[in-house]
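A quick write-up on the structure given underneath.
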Amino acid sequence: MTEKTIDTDVLVIGSGAAGVAAALRAAHDGHRVLVIEKDERLGGTTAISGGWLWVPGNEQGVREGDTREEAETYIKYLAKGRHNPEMVDTFLDEVPVAMRFFADDAGIEFQYPQKAPDYQMDAPGAKVSGRAVTVKAADARMLGADRLRVQPYLQSYTVFGYMPEVGPDIATFLKANQNLRAFGYAARKVSKTWVQTLLHKRAYGRTNGNALMTRMITAAARQGIPMWTATPALEIVIDDHGVAVGARIGGEHAGLVRARLGVVIAAGGFSGNAELRRRYFPHDPDGTNHCTPTIGHHGDSLKLAQPLGGHIDDSPHQPASWGPVTTFTGRRGQQRWFPHLRAFGLPGLIAVDRDGVRFANESLSYHDYGVEMIRNDAGRDGTYGWIIADAKAMRRYGIGYAKPWPFPQTYFRRSGFLHKAATVAELARTIDVPADQLQATLDEFNAGAARGEDPKFHRGSNWFHHFKGDMDHKPNPNLAPIDQGPYYAVKIEMGDLGTYAGLAVNTRSEVLDAVGDPVPGLYAVGTAAVSVFGGGYPGYGANIGPAMIFGHTVGRDIAAHAAERAERVSAGM
Ligand SMILES: Cc1cc2nc3c(=O)[nH]c(=O)nc-3n(C[C@H](O)[C@H](O)[C@H](O)COP(=O)(O)OP(=O)(O)OC[C@H]3O[C@@H](n4cnc5c(N)ncnc54)[C@H](O)[C@@H]3O)c2cc1C
């Protein structure tokens, strides 16, 4: 039987931010594009994300006074010498170009928050705003019948199905148990979500990463780009000159895709692949010490490129962007992850290790706190700690998935997720932490917290910390003593938001072979490729920002690269 063959110009593997960015630009320039996605739904991890893009040098940021020099200084400081300077240059050169394309040509509506501090505000070149950009909430009806094809939200993040939008919306939700106006606001949003879900299977309003993907997929549909779900790429196909000219694909469209201009691998990273984690994640030597909420990040990007010499560049000082998680097993055995992106730097919460010792500033970013967790538990069996809260913090903020008052705690306690005890000593026994040490940790923390200080780790000492705290709490948005029983604990484990180590690529995002030469016609973008930040996590949007910028660049340049190749062949080179 002859193999079914499909012809296109550009084949994009993966339907997250990176892949669709490449697809949008290539189609805009008049090329035929096909996007294939192995999941049943479109949008990948991007669709369950916060939807932030870290894009220094965007026009709004520059108007606010951001400079190239400051951005470079900051990126380099965080990278600790593990970045590729040319890659950073390309990224910074391309930000304004790509952002103009997405806004003006693709019609993606961005928002420029007044404050979205860089994650390491004490580092040289850091900025309080102008670099992290979000996308406006979207009405999914813009997608017509395709609206249900987008990946749904991360369930553990929703409030009865509604996903609060980063910014004022979420801030109001967080106050819903503290003032009537906020409660009324949240109740209206949630009831609208329920009614629409009941009548139309899913609410129309889409926020955060789901809004980003809804908007990008709508733009792709407008361009007439076919996007096939449940269609995995199985193998990259090359011609006699070693040029990537297509792929074998599975699923209902199974067959051969011939891509005249090239193939873009945007199939995510490898944190969902135990064997690759064993190899690249120092804390996970047996592949069981890590939980990832990412979607489809099974290492396919590497599997596809490896036969052509593609390999992992593990030069970043951190192999992934860390995002510690709490894990929850529901009554029917359903597994839920709650990535603690707003970590535990709220007043009245701390985290301790298995010895009951605080080991880091809980107001660090989730990535930087993850680095500290790994460091603190190096050489020990497992990487975990305990988030500890007292009654007032639990009532006001909850602990991640375990929502605050008036949400009932029974469900979370019965499942073993949330531990509760009348005294610190009893809590310590419940979670198997030395009681004397836990009490000593609390005594030390409380003494400073009462004054709004944390002499040990300087929590609450800069704008980023405050942003992660409760701005209404005085004297310090991040600190309050933990001194009112009952006391609560939830186990925190290691997770990630996507890998930083990834396929080795050059500044054109071409996949490099075993000797460092580009595999002609083969590209990798997004978490499929090595991160531009060398292991640092500069600010909100450190994954999606570069994913979209490099995706756009590949989509724009892929035809020119193919023309270069053709010229070389005709010149007999
Ligand atoms: C809760 C959460 C919040 C986050 N918030 C942010 C944020 O606000 N900003 C930010 O920058 N980052 C954020 N991140 C991280 C970010 O979402 C991801 O790192 C980023 O979306 C990765 O984009 P991508 O295009 O590389 O991959 P994805 O969006 O995951 O897309 C890859 C797609 O490829 C598909 N695929 C895999 N293998 C194949 C194959 N063989 N054939 C076809 N398709 C395949 C996958 O199924 C997947 O759909 C967050 C992550 C999480 C979990």
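Residue 13 is where the sequence shown starts when you use my numbering, and the numbers rise one by one after that.
Just so you know, even glycine gets a beta-carbon here, dropped at the ideal spot from N, CA and C.
Residue environment for Leu509: buried (at least 16 other C-beta atoms within 10 angstroms of its C-beta). Distances taken from the Cβ of Lys468 to the heavy atoms of ligand 1 include none shorter than 7 Å. Contact annotation: the stretch 224-238 does not touch the stretch 493-503, with fewer than three C-beta pairs closer than 8 Å. Take Ser333, set aside five residues on each side of it, and the residues of its chain with a beta-carbon closer than 7 Å to its own are His379, Asp508, Leu509, Gly510, Tyr512, Tyr549, Ala554, Asn555, in chain order. Beta-bridge annotation (DSSP): Leu534 is paired with Val275. Remark: C-beta atoms of Ile120 and Met225 do not approach each other more closely than 8 Å. Here the distance from the Cβ of Ala390 to the nearest heavy atom of ligand 1 is not below 7 Å. Around the Cβ of Ser582, a 10 Å sphere holds fewer than 16 other Cβ atoms; the residue is exposed. If you ignore the 5 residues before and after Thr102, its C-beta comes within less than 6 Å of the C-beta of Thr519, all in its own chain and listed in chain order. Under DSSP, Ser333 takes part in a beta bridge, and its partners are Gly510. Annotation note: the stretch 44-83 contains the following uninterrupted alpha helix (DSSP H) runs of length 4 or greater, listed N- to C-terminal: 71-75.
Val32 is positioned such that its CB atom lies closer than 8 Å to that of Val47. A Cβ-Cβ distance of about 35 Å is found for the pair His253 and Ser283, leaving them out of contact under the 8 Å criterion. Under DSSP, Tyr499 shares a beta bridge with Ala433.
The three-state secondary structure of Leu361, taken from DSSP, is strand. When C-alpha distances from Glu465 are compared across Asn490, Phe476, Pro446, the shortest belongs to Asn490.
The shortest C-alpha to C-alpha distance from Asp78 to any of Trp64, Ala91, Leu54, Pro136 is the one to Pro136. The Cβ-Cβ distance between Asn220 and Ser27 does not fall below 8 Å. Cα atoms of Ala279 and Val45: separation of roughly 16 Å, rounded to the nearest angstrom.
Listed in chain order, the non-local C-beta contacts of Arg348 below 6 Å within the same chain comprise Ser168, Phe340, local neighbours out to five positions each way being set aside. Comparing alpha carbon positions, the residue from Ala29, Ala83, Glu579 closest to Val276 is Ala29. A straight-line Cα-Cα distance of about 11 Å links Asp569 and Glu522. Contact check for Ala271 against Val257 passes: the beta carbons are separated by less than 8 Å. In the three-state reduction of the DSSP assignment, Arg348 falls in the strand class. By the C-beta criterion, the stretch 90-108 is judged not to be in contact with the stretch 172-179, since fewer than 3 inter-stretch pairs fall below 8 Å. For the pair Leu166 and Ala232, the Cα-to-Cα distance works out to about 23 Å. Taken through DSSP and simplified to helix, strand or coil, Glu247 comes out as strand. For Met239, the pairing in a beta bridge is given by DSSP as Val47. Within its own chain, the residues whose Cβ lies closer than 6 Å to the Cβ of Gly533, once the five positions on either side in sequence are excluded, are Val255, Ala256, Gly274, listed in chain order. Placement of the Cβ of Thr20 at a distance of 7 Å or more from every heavy atom of ligand 1 is found.
Listed in chain order, the non-local C-beta contacts of Ala91 below 7 Å within the same chain comprise Phe545, Gly546, Gly547, Gly548, local neighbours out to five positions each way being set aside.
When His329, Gly335, Gly368, Lys148 are compared, the shortest CA-CA separation from Tyr89 is found for His329. No Cβ-Cβ contact shorter than 8 Å links Lys50 with Ala266. Non-local C-beta neighbours of Ala437 in its own chain, meaning closer than 6 Å and more than five positions away in sequence, comprise Ala447, ordered along the chain. The alpha-carbon of Asn285 is positioned some 23 Å away from that of Pro558.
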